[in-house]
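Below is one structure, written out as structure tokens; comments come after it.
In the numbering used here, the protein residues as written are -18 to 407.
Following this line, the structure appears as structure tokens:
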């Protein structure tokens, strides 16, 4: 018997989906970034170099990058909700294994499994969220959803630092694992693929995403130059944001002589600024691009320029309030282009392969940003010090800006190419 769905239910359901998907993303990054809070403990207990510490962080992002596309393709076919729940259970169980590690090699193996579990959550999760909302709010929603990485990092770093100091670093990992398992169970109880499909069908006439059974070839994710520019621009702008997420606790521990728990607490403020910036910049982008979608490229470029200037100058200053203010402003805008870039990917790819499109975006973000950024800074820090490495990290914005400028120029042709693919393409 068909379930009666009232207008109130139709209005509330998308926000329930967003809240639960966002909650799992928080758990994802809590499990990922709690490691940053315990860097000082592991460095002392296991006598690890900065490059080895960085490898424990980057292995997660590396696995996300390598596996996100194939797992996103699988989720498009097997069922997105079932896939999300399985991912959450796997990364949470692997985080429990981190709590029992007795050395670097065991920790690296456990972090490898965390990366496998988290590989496609971001891409499939954002596809699920956008599937139940209209396109005119996609940049704001994309920015808000992706900001969950920063908010989860804040919780992971701040709570992890406190737990590690009070009870030991192993309990920090255990606490994050329990949160993930609880949220996975709640998500599976409330959300189903059938409910998502019914709500998407309600929106189909307005969004023109009822493809009549047409399925776009996977090759279309790589043959549109504007989409490729969005992938590259997004990945290189997230490079510096990833550096801030991983290394700010160590920065305050080493250069401001703060204890690990206090360093984590102060660093969490700057990580929070990264997340708030993603949300606010996404909202600004939707407002600016309401009449002309191409303006979303422009806002992304501006956000990169502001962060490039503030972080480069800020990390070059001596310790003090001026340095912290500039780093704070740079952190706010460091991931601001994430929402615009994701909105561009959504507007340039067919609905039938959109989870795979976000999987490709996540692959780029992970390999060129989340994995490469912390690792490169760790290697540089072994040679020129952490402060010097942090000064150089924002220079990647120069390449990101070039990619976004080229993407804006290719955007009209990209839309025409999508429209020619299928008359009902979104």
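Ideal Cβ placement from N, Cα and C applies to all residues, glycine included.
Owing to the predicted nature of the structure, the values given are computational and were not obtained by experimental measurement.
In this structure, residue 20 places its C-beta atom within 8 Å of the C-beta atom of residue 34. In this structure residue 32 touches residue 359 by the C-beta definition: roughly 5 Å separates them, less than 8 Å. DSSP places residue 308 inside the alpha helix (DSSP H), whose first and last residues are 302 to 315. Along the length of the segment 240 to 310, whole alpha helix (DSSP H) runs at least 4 residues long occupy 241 to 269, 276 to 297, reported in chain order.
Approximately 16 Å separates the beta-carbon atoms of residue 228 and residue 376; this is outside 8 Å, ruling out the contact. With respect to the C-alpha of residue 284, the residue from 303, 302, 319, 250 having the closest C-alpha is 319. Remark: C-beta atoms of residue -8 and residue 40 do not approach each other more closely than 8 Å. When the Cα atoms are used, residue 113 and residue 365 turn out to be separated by approximately 48 Å. Distances from the alpha-carbon of residue 271 to those of 4, 49, 115 put 115 closest. Here the segment 262 to 277 makes no contact with the segment 298 to 307; the two share fewer than three CB pairs at distances below 8 Å. Under the three-state reduction of DSSP, residue 174 is assigned to helix. Counting only the Cα atoms, residue 313 lies some 15 Å from residue 247.
In this structure, residue 101 keeps its C-beta atom at 8 Å or more from the C-beta atom of residue 28. The Cβ atoms of residue 109 and residue 199 do not sit closer than 8 Å to each other. With respect to the 8 Å criterion, residue 158 and residue 54 are not classified as neighbours on the basis of their beta carbons. Non-local C-beta neighbours of residue 105 in its own chain, meaning closer than 7 Å and more than five positions away in sequence, comprise 53, 56, 61, 64, 65, 336, ordered along the chain.
For the pair residue 221 and residue 374, the CB atoms are nearer than the 8 Å cut-off. Here residue 288 has 311, 314, 315 as same chain residues with Cβ atoms under 6 Å from its own Cβ, once five neighbours each way along the sequence are excluded. Contact check for residue 121 against residue 11 fails: the beta carbons are separated by 8 Å or more.
Boundaries for residue 318: no alpha helix (DSSP H) harbours it, and the DSSP string shows neither H nor E there.
By the beta-carbon neighbour count (other beta carbons within 10 angstroms, threshold 16), residue 346 is buried. Here residue 384 is buried: its Cβ has 16 or more other Cβ atoms, across all protein chains shown, within 10 Å. One thing to note: residue 354 has its Cβ within 8 Å of the Cβ of residue 224.
Separation of the CB atoms of residue 132 and residue 253 is rounded to 7 Å, and the pair is thereby assigned contact status at 8 Å.
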